[in-house]
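Engineer:
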Amino acid sequence: MGSTLFDKIWAAHVVSDLGDGYALLHVSRHLLHDGGGASLKQLAARGMAVRNPDLSFATIDHVIPTTPGRTRETSTPFTARITVLREYAAKAGIRLFDVGEPGQGIIHVIAPEQGISLPGSLIVCGDSHTCTHGGLGAIAFGIGATELLHVLATQTLVQRKPKRMRVRFEGERGPGVTAKDMVLHLIGHVRAAGGVGYAVEYAGAAVRALSVEERLTLCNLSIELGAKIGLIAPDETTYEYLHGRRYAPAGAEWDAALAYWRGLPTDDDAVFDREVVIDMAAVAPQITWGTNPEQVAAVDQRVPDPAAEPDLVKRQAMLDALDYMGLVPGTALTETPVDWVFIGSCTNSRLSDLQAAAAVARGRRVAPGVTAWVVPGSEAVKRAAEAEGLDRVFRDAGFEWREPGCSMCLAMNGETVPRGQRSVSTSNRNFVGRQGPGARTHLASPAMAAAAAVTGHIADVRSL
Amino acid sequence: MQAFTTLTAIAAPLPEPDINTDMIIRVERVRDLKPEEMGRYAFENRRFRPDGSEAPDFVLNQQPYRAARIILGGPNFACGSSREAAVWALAGFGIRCVIAPSFGPIFANNCYQNGMLPVVLPEATVQALTAEVMASGGTAEVTVDLERCEVVAPSGARSGFSIDAPRRAALLQGLDELQMTLRREPEIGAYQARDRAARPWLYPTKETTP
Ligand code: SF4
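Taken in sequence, the protein lines are chains A and B.
Sequential numbering of the first sequence, starting at 19, is according to our numbering.
Sequential numbering of the second sequence, starting at 39, is according to our numbering.
1) Could you tell me the alpha carbon to alpha carbon distance between ARG113/A and SER240/A, rounded to whole angstroms?
2) Secondary structure at SER396/A, three-state DSSP: helix, strand or coil?
3) One question on the structure: do ARG121/B and VAL182/B come within less than 9 Å of each other, judged by their Cβ atoms?
4) Would you say ASP72/A faces chain B, with C-beta separation under 9 Å as the test?
5) Check whether the Cβ atoms of VAL393/A and GLU131/A lie closer than 9 Å to each other.
6) Would you verify that the beta carbon of ASP79/A is, or is not, closer than 9 Å to some beta carbon of chain B?
7) How would you label LEU154/A, buried or exposed, when you count the other beta carbons within 10 angstroms and need 16 or more for buried?
8) So SER146/A and SER119/B are supposed to be a Cβ contact under 8 Å. How far apart are they, rounded?
9) Where do the ends of the beta strand (DSSP E) carrying GLN211/B lie?
10) On the DSSP bridge assignment, give the partners of ASN58/B in chain order.
11) In chain A, which residues lie with their C-beta within 7 Å of the C-beta of GLN151/B?
12) Would MET430/A count as contacting chain B if we go by Cβ distances under 9 Å?
13) Quick check on GLN230/B - is its C-beta less than 9 Å from some C-beta in chain A?
14) Pull out every residue of the region 193-218 of chain A whose Cβ sits closer than 8 Å to any Cβ of chain B, in chain order.
15) By Cβ distance, which residues of its chain are closer than 8 Å to ARG104/A, with the 5 residues on each side in sequence left out?
16) Taking only beta-carbon atoms, is ASP89/B less than 9 Å away from chain A?
17) Can you tell which of ALA223/A, ASP357/A, LEU276/A has the C-alpha that lies nearest to the C-alpha of ILE250/A?
18) Taking C-beta pairs closer than 9 Å, name the residues in chain B that THR172/A reaches, listed in chain order.
19) Looking at C-alpha atoms only, which residue of LYS246/A, ALA316/A, ALA221/A, LEU58/A is the closest neighbour of ILE141/A?
20) What first and last residue would you give for the alpha helix (DSSP H) that runs through ARG413/A?
21) Compare the C-beta of PHE96/A with all C-beta atoms of chain B and state if any pair is closer than 9 Å.
22) Determine the contact status of ALA274/A and GLY133/A, defining contact as a CB-CB distance below 9 Å.
23) Going by DSSP, name the residue or residues bridged to GLU293/A.
24) Would you say GLU84/A touches ligand 1, meaning its beta carbon is less than 8 Å from a heavy atom?
25) Within the same chain, show all residues whose beta-carbon is closer than 6 Å to that of ARG196/B, passing over the 5 residues directly before and after it, in chain order.
26) How about PHE141/B: is its C-beta nearer than 9 Å to some C-beta of chain A?
27) Can you tell which of MET183/A, CYS149/A, THR444/A has the C-alpha that lies nearest to the C-alpha of GLU219/A?
28) For ARG458/A, collect the residues of the same chain with a Cβ closer than 6 Å to its Cβ; drop the 5 residues on either side in sequence, then sort them by chain order.
29) Determine whether the Cβ of ARG186/B lies closer than 9 Å to any Cβ atom of chain A.
30) Give a yes or no on whether the minimum CB-CB distance between CYS135/B and chain C is below 9 Å.
31) Let me check you understand the geometry: is the CB of PRO428/A closer than 8 Å to at least one non-hydrogen atom of ligand 1?
32) In chain B, which residues lie with their C-beta within 8 Å of the C-beta of SER57/A?
33) Pop quiz: VAL185/A and LEU167/A are said to be a contact at Cβ under 8 Å. What is the actual Cβ separation, rounded to whole angstroms?
34) Starting from the Cα of ALA469/A, find the closest Cα among ALA379/A, ALA429/A, GLY454/A, ARG447/A and give me that residue.
35) Just mark ASP371/A as buried or exposed, buried being the case when its beta carbon has 16 or more other beta carbons within 10 Å.
36) Comparing C-alpha positions only, which one of PRO204/B, THR163/B, PRO51/B sits nearest to PRO102/B?
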């Protein structure tokens, strides 16, 4: 019987088999964000050293302000966190991409963009959206603070091997449908616990047709499916994307890597523990209406009626969600007025995302009463977008063009959607209070978010 | 790490599906507090109203559940963010064990690092347990026995659960994973030498294209 992509990568990283499905795994790349400074400090306090500092990369993203004009010196209430990271990364010899230099940005945007995340590698980070990097054909997953210390000290991690699930997206995308819509549709279909216990491989013609940036978006929401790992087999699209990137292999090493990568895709006779097929004909642009990504619908639908839900626990969850979101069952979703629009986050802040949003914003105006932000995912994305004049398109339309960081995705840096206000966001979590206490979040693609900004309500991008 | 052997305690029912770690501990608390300070902010959004007063209808604000050391959770308990602070907050509140049909995968790993036991039981079993506890007004205690891998309901009904052998052994003895791995340094060194030879392109990590 053949092996899956996941099995092949897993096997290549087993340092020791610990029995009962457990293994000590070698970590190819350890990514640190600004929460990592405390861990480095803690390790030093225990008298331990970082085992392989050249396999760790750090940046600043979560607590940094994204205010236009910010600099390395801009002081905020959270500057201490950044200072600790700077100090201890330097002591340990870990490469830190600091404010204002290419390489700074949201950790899940910069590592692919810089060629740090590679196919066939095992990547971890103290952040659940590490699954994003699976879009390049890697096993990538989030870890907790104690596991993080373990990685710093040993460059390894103890993990149990998950089951394998494959999701095949078959057929062609309809108008207005993005990778974000594909994965939101999937979560609505299999529910938020549908991937618990699995590593999920995304496959099928519609996945093969995605660009690498779109694949990163698709894998980004694997954790919202309950799976901490999502991945896509590398192919020519992947290799073309990686070739010539700053930390990607070059010369003879590139050739050796390429030969290795070509052997990674799942064998034809490999077997998965669970298979799901999604017909692309059924996928329309999506918008979430609740407080969990599975509470999602096609944008041309109505707010669902909890009375139609037979399961009492689920019905209560729907009632609570609609109450928090301030929505009335039966109302057309497109009749929902919005106050905020946030285009950013590790889900949708890459150049192609900003291009898609700009295409909607071009020649239009942000509706009165709406505050709309564009937060590029990295310094490199920001510069590339500016070189194309996208910042002008957004500014002319009344959007605010900001500096790279996580920003309003989780509001850890103090940038919040005010209580009771409604935001259409390109991020990945519509949880209660995620964008600030009392904030109401609807998740959607960049083009849909831009459409909401210019119309002042949830809008179907296909009708603009 | 604190060992876990057996526990008999009040169990608080929290059957909602997909409770996420953002709900268990808010991001500002993760950012600003030390692990040992987080207990009073566990489920902050649910336990307290915006004005800071207690929400009386939330289960953890009710007697006898204020003294709960076990949570009877719903499917996909503690999904979402990887924040280990979710475990620290629950531990700070007094919780040592969560029984649920399934868990967010990163949360489950984080539990094992902190002497907290995540027990997976079928949804119907968790529901039956919850019903029994609620029928007693919460006073009937639940026992979780890691030695025997059993949950004992107030009625005496026993449900076996499975837990991976390495995790069970570490919890029973309170072993620190890092200390155990440090003993394997020769294996790690040998792996790296092998892998470096086979996949040198995975180890440059200096800029190849400045
Ligand atoms: S953008 Fe949001 S989801 Fe992504 S790493 Fe930052 S906070 Fe996490």
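Just so it is clear, CB atoms sit at the ideal spot from N, CA and C, and this is done for glycine as well.
Structural biologist: To lay it out plainly:
1) Position 95 of the first sequence, counted from the start, is the residue given in the question as residue 113/A. Position 222 of the first sequence, counted from the start, is the residue given in the question as residue 240/A. So the two alpha carbons sit approximately 28 Å from each other.
2) Locating residue 396/A in the first sequence gives position 378, where the first residue counts as 1. DSSP places SER396/A in strand when its eight states are reduced to three.
3) One-based indexing of the second sequence puts residue 121/B at position 83. One-based indexing of the second sequence puts residue 182/B at position 144. Not in contact: ARG121/B and VAL182/B (Cβ atoms no closer than 9 Å).
4) Numbered from 1 along the first sequence, position 54 holds the residue referred to as residue 72/A. Judged by the 9 Å Cβ criterion, ASP72/A is in contact with chain B.
5) Position 375 of the first sequence holds residue 393/A. Position 113 of the first sequence holds residue 131/A. No; because the gap between Cβ atoms is not below 9 Å, this pair is not in contact.
6) Position 61 of the first sequence holds residue 79/A. It does not; no Cβ of chain B falls within 9 Å.
7) The residue labelled residue 154/A in the question sits at position 136 within the first sequence. Label assigned to LEU154/A: buried.
8) Within the first sequence, numbered from 1, the residue matching residue 146/A stands at position 128. Within the second sequence, numbered from 1, the residue matching residue 119/B stands at position 81. Indeed, because the Cβ distance is near 5 Å, the residues count as touching under 8 Å.
9) Along the second sequence, one-based indexing puts residue 211/B at 173. Unbroken run through GLN211/B is the alpha helix (DSSP H), 203-211; no beta strand (DSSP E).
10) For the purposes of this step, residue 58/B is taken as the residue at position 20 of the second sequence. According to DSSP, which records beta bridges pairwise, ASN58/B is partnered with CYS117/B.
11) Stepping through the second sequence from its first residue, residue 151/B is reached at position 113. Those within 7 Å of GLN151/B in chain A are GLY162, THR164, GLU165.
12) Position 412 of the first sequence, counting from 1, holds the residue named residue 430/A. At least one chain B Cβ lies under 9 Å of MET430/A.
13) Counting from one through the second sequence, the residue named residue 230/B turns up at place 192. Yes, GLN230/B lies at the interface with chain A (some Cβ there is under 9 Å from its Cβ).
14) ALA210, ALA211, VAL214, GLY215
15) As a working mapping, residue 104/A is identified with position 86 in the first sequence. For ARG104/A, where only same-chain residues beyond five positions count, the Cβ hits under 8 Å are GLY55, LEU114, ASP116.
16) Translated into positions along the second sequence, residue 89/B becomes position 51. For ASP89/B, the answer is no, since every Cβ of chain A falls outside 9 Å of its Cβ.
17) Numbered from 1 along the first sequence, position 232 holds the residue referred to as residue 250/A. Considering only alpha carbons, the answer is ALA223/A.
18) Here residue 172/A refers to the residue found at position 154 of the first sequence. LEU216, THR219, LEU220, ARG222, GLU223, ILE226, listed in chain order.
19) As a first step, residue 141/A is located in the first sequence; it is residue number 123 there, counting from the start. The shortest C-alpha separation from ILE141/A is found at LYS246/A.
20) Here residue 413/A refers to the residue found at position 395 when the first sequence is read from its first residue. Where ARG413/A is concerned, the enclosing alpha helix (DSSP H) stretches over 408-415.
21) Numbered from its first residue, the first sequence carries residue 96/A at position 78. Yes, PHE96/A lies at the interface with chain B (some Cβ there is under 9 Å from its Cβ).
22) Counted from its first residue, the first sequence places residue 274/A at position 256. Counted from its first residue, the first sequence places residue 133/A at position 115. No. Outside cutoff.
23) Here residue 293/A refers to the residue found at position 275 of the first sequence. Its beta-bridge partners are ARG184/A.
24) In the first sequence, counting from the first residue as 1, residue 84/A sits at position 66. It is Thr, not Glu, that sits at residue 84/A in the sequence shown. No, since every heavy atom of ligand 1 falls outside the 8 Å radius drawn around the Cβ of THR84/A.
25) By one-based count along the second sequence, residue 196/B stands at place 158. So the list reads GLU188, VAL190, once near-sequence residues are dropped.
26) Taking the first residue of the second sequence as position 1, residue 141/B is located at position 103. It does; some Cβ of chain A falls within 9 Å.
27) Position 201 of the first sequence, counted from the start, is the residue given in the question as residue 219/A. If we check each option's Cα against that of GLU219/A, MET183/A comes out closest.
28) The residue labelled residue 458/A in the question sits at position 440 within the first sequence. MET343, ARG440.
29) Numbered from 1 along the second sequence, position 148 holds the residue referred to as residue 186/B. Output row for ARG186/B: interface = no.
30) No chain C appears in the structure shown, which is made up of the protein chains A and B.
31) Position 410 of the first sequence, counted from the start, is the residue given in the question as residue 428/A. Just to set this straight, residue 428/A is Leu in the shown sequence, not Pro. Answer for LEU428/A: yes, Cβ within range of ligand 1.
32) Working through the first sequence from its first residue, we reach residue 57/A at position 39. Within 8 Å Cβ-Cβ: nothing; SER57/A doesn't reach chain B, min ~10 Å.
33) Here residue 185/A corresponds to residue number 167 of the first sequence, with the count starting at 1. Here residue 167/A corresponds to residue number 149 of the first sequence, with the count starting at 1. Actually they are not in contact, since the Cβ atoms of VAL185/A and LEU167/A sit about 33 Å apart, beyond 8 Å.
34) By one-based count along the first sequence, residue 469/A stands at place 451. Of ALA379/A, ALA429/A, GLY454/A, ARG447/A, the residue nearest in Cα terms is ALA379/A.
35) Taking the first sequence and counting its residues from 1, the one referred to as residue 371/A is at position 353. Its Cβ being crowded by 16 or more others within 10 Å, ASP371/A is buried.
36) Indexing the second sequence from 1 puts residue 102/B at position 64. Residue PRO51/B is the option with its Cα nearest to PRO102/B.
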